[in-house]
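**Student:**
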Amino acid sequence: MDFSLSEEHKSIFEMAYEFGQNQVAPNALVWEKDGTIPKGLWKQAGELGLGGIYVSEKYGGSGLNRLDASLIFEAMAMACPSVSSFLTIHNMCGGMIEKFGSEELKEKWLPRLCKMEMIFSYCLSEPNSGSDAAALRTKAIKTNEGYYLSGTKSFISGGGYSDSYIVMTRTGDKGPKGISAFIVENGSDGLSFGAFEDKMGWRSQPTAQVQLDNCFVPYDNLLGDEGKGFYYAMDGLDGGRLNIASTALGGAQSALNSTMQYMEERNAFGKKLNQFQALQFRLADLETDMQVARTFLRQAAWKLDTKAFDSTKHSAMAKRYVTDVAFKVANDCLQLHGGYGYLTDYGIEKIVRDLRVHQILEGTNEIMRTIIFKSMIEEYT
0 MDFSLSEEHK SIFEMAYEFG QNQVAPNALV WEKDGTIPKG LWKQAGELGL
50 GGIYVSEKYG GSGLNRLDAS LIFEAMAMAC PSVSSFLTIH NMCGGMIEKF
100 GSEELKEKWL PRLCKMEMIF SYCLSEPNSG SDAAALRTKA IKTNEGYYLS
150 GTKSFISGGG YSDSYIVMTR TGDKGPKGIS AFIVENGSDG LSFGAFEDKM
200 GWRSQPTAQV QLDNCFVPYD NLLGDEGKGF YYAMDGLDGG RLNIASTALG
250 GAQSALNSTM QYMEERNAFG KKLNQFQALQ FRLADLETDM QVARTFLRQA
300 AWKLDTKAFD STKHSAMAKR YVTDVAFKVA NDCLQLHGGY GYLTDYGIEK
350 IVRDLRVHQI LEGTNEIMRT IIFKSMIEEY T
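Residue 223 in numbering that gives the first Met the number 0 sits at position 224 of the sequence shown; the count goes up by one each step and never skips.
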């Protein structure tokens, strides 16, 4: 079994890392204060092939796999977890359109999505259905002209910022089989947005409710088949969980890198901090935790790429384990910085705030445990 990265993998990582360090890192704190990401950044990302990572070259994408994507998102998150995570959402939408959309739908949306001339967001959660996603209430009424959607989606990254939204909507009876997916373009009649949320982390990402009030959507904007939307959503979330784990890992690695440098430069009691054995032991444990998390994450990505029977379980396990480890590492790095870790200028407190939500979204880590256990029951009985 070969655990080493190929030269192509190394090149992919380095490309994303350099883009992040040159274009994102110098601006991350400013964008956090402004509460938005300049759209010009996405045009640059699109030119590098980062707008359609999973999309085939036929439609302008890069045609890469889940392991490739994990490397990209980890590398970019070393500059800013919030920016990298927003890119994962856009790419998840592209992957769903590529996998489940009609040929006409792909030709219409994917070329602009891949160039990032059109930014996509994903709308599943609602005010009264978070973890219980199948209980969503947003409804679509079918008419001779098309569909009319009504309901509210909450916690939407890119709400009021993105150009199009993949919206999970009820077209049938209660439960997962009554849900369909639609592409709703910004500017559609009946589409509006709530005020931007004031969040603990991911502050550079505009986040708002997406409100649909008898919002008209043409037949052509139905993604795949009626009644299959929940299946599409869950399929997309396997990869989404790996992505969010990857960005958590990148953020934690950045915190650990900064801490190693700080402990080389900082002196106390006549010695550098990295000469105290107790602190050496703590850093050694953090490095071990990071390496275990990285290996586990890349194995889960490989399983998803190879369509292994237990890929959903491993995606859930990796998301749960890696995001927990990443938050702990970042929080410990803040502690090792002492009072300086609490200051904005050092960037550690931002990483801690950003990584906290990774334990909540794409399915809370408690829901991950539920998924894992259900898989265990199926395997052992």
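We put the CB at the ideal spot given by N, CA and C, even for glycine.
Remember, predicted model here, so these are calculated numbers, not experimental data.
Inspect the CB distances between the region 238 to 249 and the region 287 to 301 and report whether three or more fall short of 8 Å.
**Tutor:** With the cut-off at 8 Å, the region 238 to 249 and the region 287 to 301 touch.
**Student:** Less than 6 Å between C-beta atoms, sequence neighbours within five positions excluded: which residues of the same chain meet that for residue 329?
**Tutor:** The residue labelled residue 329 in the question sits at position 330 within the sequence shown. Cβ within range, chain order: 251, 254, 350, 351, 354.
**Student:** Please determine, among 19, 125, 16, the residue with the shortest C-alpha to C-alpha distance to residue 208.
**Tutor:** For the purposes of this step, residue 208 is taken as residue 209 along the sequence shown, with counting starting at 1. Considering only alpha carbons, the answer is 125.
**Student:** Indicate whether the contact test is met: 3 or more Cβ pairs, each with one atom in the region 50 to 63 and one in the region 193 to 206, closer than 8 Å.
**Tutor:** The region 50 to 63, when compared against the region 193 to 206, does not touch it at the 8 Å Cβ threshold.
**Student:** Given this structure, state the Cα-to-Cα distance separating residue 225 from residue 282, to the nearest angstrom.
**Tutor:** What you label residue 225 is simply residue 226 of the sequence shown in a count that begins at 1. What you label residue 282 is simply residue 283 of the sequence shown in a count that begins at 1. If you take the alpha carbons of residue 225 and residue 282, they lie about 52 Å apart.
**Student:** Hey, residue 318 and residue 244: beta-carbon distance below 7 Å or not?
**Tutor:** Reading the sequence shown from its first residue, position 319 is the one you call residue 318. Reading the sequence shown from its first residue, position 245 is the one you call residue 244. It is a contact, given that the beta carbons lie within the stated cut-off.
**Student:** Would the region 220 to 239 count as touching the region 71 to 78 if we require 3 or more Cβ pairs under 8 Å?
**Tutor:** The region 220 to 239, when compared against the region 71 to 78, does not touch it at the 8 Å Cβ threshold.
**Student:** Helix, strand or coil: how does DSSP classify residue 214 here?
**Tutor:** Reading the sequence shown from its first residue, position 215 is the one you call residue 214. Three-state DSSP puts residue 214 in a strand.
**Student:** Is residue 86 helix, strand or coil by DSSP?
**Tutor:** Translated into the one-based positions of the sequence shown, residue 86 becomes position 87. It is helical.
**Student:** Do you know offhand how far residue 187's Cα is from residue 142's?
**Tutor:** Here residue 187 refers to the residue found at position 188 when the sequence shown is read from its first residue. Here residue 142 refers to the residue found at position 143 when the sequence shown is read from its first residue. Looking at the two C-alpha atoms, the distance is approximately 17 Å.
**Student:** Please classify residue 358 as buried or exposed, where buried requires at least 16 other C-beta atoms within 10 Å of its C-beta.
**Tutor:** Start at 1 with the first residue of the sequence shown, and residue 358 comes out as number 359. So residue 358 counts as buried.
**Student:** Could you tell me whether the region 126 to 134 touches the region 266 to 278, using the rule of 3 or more Cβ pairs below 8 Å?
**Tutor:** No, the region 126 to 134 does not touch the region 266 to 278.
**Student:** Taking the CB atoms as reference points, tell me whether residue 115 and residue 45 lie closer together than 7 Å.
**Tutor:** By 1-based counting over the sequence shown, the position of residue 115 is 116. By 1-based counting over the sequence shown, the position of residue 45 is 46. Cβ atoms of residue 115 and residue 45: closer than 7 Å.
**Student:** From this set, 101, 144, 157, which residue's C-alpha is nearest residue 121's C-alpha?
**Tutor:** In the sequence shown, the residue the question calls residue 121 occupies position 122. Of 101, 144, 157, the residue nearest in Cα terms is 157.
**Student:** In chain order, what residues of the same chain lie with their CB nearer than 6 Å to the CB of residue 324, ignoring the 5 residues before and after it?
**Tutor:** Against the sequence shown, residue 324 aligns to sequence position 325. Closer than 6 Å at Cβ, skipping near neighbours: 288, 292.
**Student:** Please state whether DSSP places residue 305 in a helix, a strand or coil.
**Tutor:** Here residue 305 corresponds to residue number 306 of the sequence shown, with the count starting at 1. Of the three classes helix, strand and coil, the one that applies to residue 305 here is coil, per DSSP.
**Student:** Alpha carbon to alpha carbon, how far is residue 110 from residue 67? Give it in angstroms, no decimals.
**Tutor:** In the sequence shown, residue 67 corresponds to position 68, counting from 1. In the sequence shown, residue 110 corresponds to position 111, counting from 1. Cα-Cα distance, rounded: 20 Å.
**Student:** DSSP beta-bridge partners for residue 184?
**Tutor:** Against the sequence shown, residue 184 aligns to sequence position 185. Answer is 163.
**Student:** I'd like the list of long-range same chain contacts for residue 180, defined as Cβ closer than 8 Å, with 5 residues on each side in sequence excluded.
**Tutor:** Residue 180 sits at position 181 when you count from the first residue of the sequence shown. Answer for residue 180: 95, 99, 165, 166, 167, 168, 221, 222, 223, 227, 228, 231, 232, listed in chain order.
**Student:** How many Å lie between residue 364 and residue 240 at the Cα?
**Tutor:** For the purposes of this step, residue 364 is taken as residue 365 along the sequence shown, with counting starting at 1. For the purposes of this step, residue 240 is taken as residue 241 along the sequence shown, with counting starting at 1. The alpha-carbon atoms of residue 364 and residue 240 are separated by roughly 10 Å.
**Student:** Let me confirm a value: residue 10 is counted as buried when at least 16 other C-beta atoms fall within 10 Å, else exposed. Which label applies?
**Tutor:** Your numbering for residue 10 matches position 11 in the sequence shown. Looking at its Cβ environment, which holds fewer than 16 other Cβ atoms inside 10 Å, residue 10 is exposed.
**Student:** What is the rounded straight-line gap between the Cα of residue 105 and the Cα of residue 90?
**Tutor:** As a position in the sequence shown, residue 105 is number 106, starting the count at 1. As a position in the sequence shown, residue 90 is number 91, starting the count at 1. In a straight line, the C-alpha of residue 105 is about 14 Å away from that of residue 90.
**Student:** In whole angstroms, what is the alpha-carbon distance linking residue 146 and residue 171?
**Tutor:** Along the sequence shown, one-based indexing puts residue 146 at 147. Along the sequence shown, one-based indexing puts residue 171 at 172. Going by the C-alpha atoms only, they are around 13 Å apart.
**Student:** Looking only at C-alpha atoms, which of 331, 311, 80, 259 sits nearest to residue 367?
**Tutor:** Numbered from 1 along the sequence shown, position 368 holds the residue referred to as residue 367. Among 331, 311, 80, 259, the Cα nearest to that of residue 367 is on 311.
**Student:** Using only CA atoms, which one of 309, 176, 64 lies nearest to residue 379?
**Tutor:** For the purposes of this step, residue 379 is identified with residue 380 of the sequence shown, where counting begins at 1. Comparing Cα-Cα distances from residue 379 to each of 309, 176, 64, the minimum goes to 309.
**Student:** Can the beta-carbon of residue 31 be found less than 7 Å from the beta-carbon of residue 202?
**Tutor:** By 1-based counting over the sequence shown, the position of residue 31 is 32. By 1-based counting over the sequence shown, the position of residue 202 is 203. Closer than 7 Å, so yes.
**Student:** Does DSSP classify residue 150 as helix, strand or coil?
**Tutor:** What you label residue 150 is simply residue 151 of the sequence shown in a count that begins at 1. Residue state, collapsed to three classes: strand.
**Student:** Can you tell me whether residue 21 is buried or exposed, with buried defined as 16 or more other CB within 10 angstroms of its CB?
**Tutor:** Start at 1 with the first residue of the sequence shown, and residue 21 comes out as number 22. Counting Cβ neighbours within 10 Å, residue 21 comes out exposed, since fewer than 16 surround it.
**Student:** Given this structure, state the Cα-to-Cα distance separating residue 123 from residue 280, to the nearest angstrom.
**Tutor:** Taking the sequence shown and counting its residues from 1, the one referred to as residue 123 is at position 124. Taking the sequence shown and counting its residues from 1, the one referred to as residue 280 is at position 281. Rounded to the nearest angstrom, the two C-alpha atoms are 43 Å apart.
**Student:** In the DSSP output, what is residue 221 paired with across the bridge?
**Tutor:** By 1-based counting over the sequence shown, the position of residue 221 is 222. 181, per the DSSP bridge assignment.
**Student:** Can you find the residues in the same chain that come closer than 6 Å, C-beta to C-beta, to residue 79, ignoring five residues on each side of it along the sequence?
**Tutor:** Looking up residue 79 in the sequence shown gives position 80. Excluding sequence neighbours, residue 79 sits near 23, 27.
**Student:** First and last residue of the beta strand (DSSP E) that includes residue 18?
**Tutor:** Locating residue 18 in the sequence shown gives position 19, where the first residue counts as 1. Per DSSP, residue 18 belongs to no beta strand (DSSP E); it is in the alpha helix (DSSP H), 6 to 18.
**Student:** For a quick check, are the C-beta atoms of residue 54 and residue 97 less than 7 Å apart?
**Tutor:** As a working mapping, residue 54 is identified with position 55 in the sequence shown. As a working mapping, residue 97 is identified with position 98 in the sequence shown. Taking 7 Å as the Cβ cut-off, residue 54 and residue 97 qualify as a contacting pair.
**Student:** Assuming residue 52 and residue 82 make a contact with CB atoms under 8 Å, what is their CB distance in whole Å?
**Tutor:** For the purposes of this step, residue 52 is identified with residue 53 of the sequence shown, where counting begins at 1. For the purposes of this step, residue 82 is identified with residue 83 of the sequence shown, where counting begins at 1. The pair is not a contact, with the Cβ atoms about 15 Å apart (cut-off 8 Å).
**Student:** Give me the Cβ distance between residue 212 and residue 65, rounded to the nearest whole Å; I'm assuming they're in contact under 8 Å.
**Tutor:** Counting from one through the sequence shown, the residue named residue 212 turns up at place 213. Counting from one through the sequence shown, the residue named residue 65 turns up at place 66. So it is not a contact: roughly 37 Å between Cβ atoms.
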